[in-house]
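In the numbering used here, the protein residues as written are 2 to 78.
Every residue gets a Cβ at the ideal spot worked out from N, C-alpha and C, and that includes glycine.
First up is the structure itself, then whatever we jot down about it.
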Ligand SMILES: [Zn+2]
């Protein structure tokens, strides 16, 4: 059975929950039997988690920056 490996876009959509029921079943079935695609899926998931953490940290920094600026302005005024 020359089963094709999953496309990156399929893995992305799978993580986004944007695949149809059938496609989702296909991805799940494939990663269960294919170690390399399972690793790719996990890597993608990990990368997303990392990006999400970075985004949250950045937002916090921006908020702190904003607050510092406002405090600074108030101090001057
Ligand atoms: Zn595969």
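The criterion of a C-beta distance shorter than 8 Å is satisfied by residue 7 and residue 38. In terms of Cβ geometry, residue 32 and residue 20 do not form a close pair [threshold 8 Å]. Those residues that have a beta carbon less than 7 Å away from any non-hydrogen atom of ligand 1 are, in order along the chain, 6, 7, 31, 35, 37 and 38. Here residue 8 carries a coil assignment [DSSP, helix/strand/coil]. Per DSSP, the continuous alpha helix (DSSP H) segment holding residue 34 begins and ends at 22 to 34.
Judged by their CB atoms, residue 11 and residue 24 are nearer to each other than the 8 Å cut-off. CA-to-CA, the gap between residue 30 and residue 41 works out to about 14 Å.
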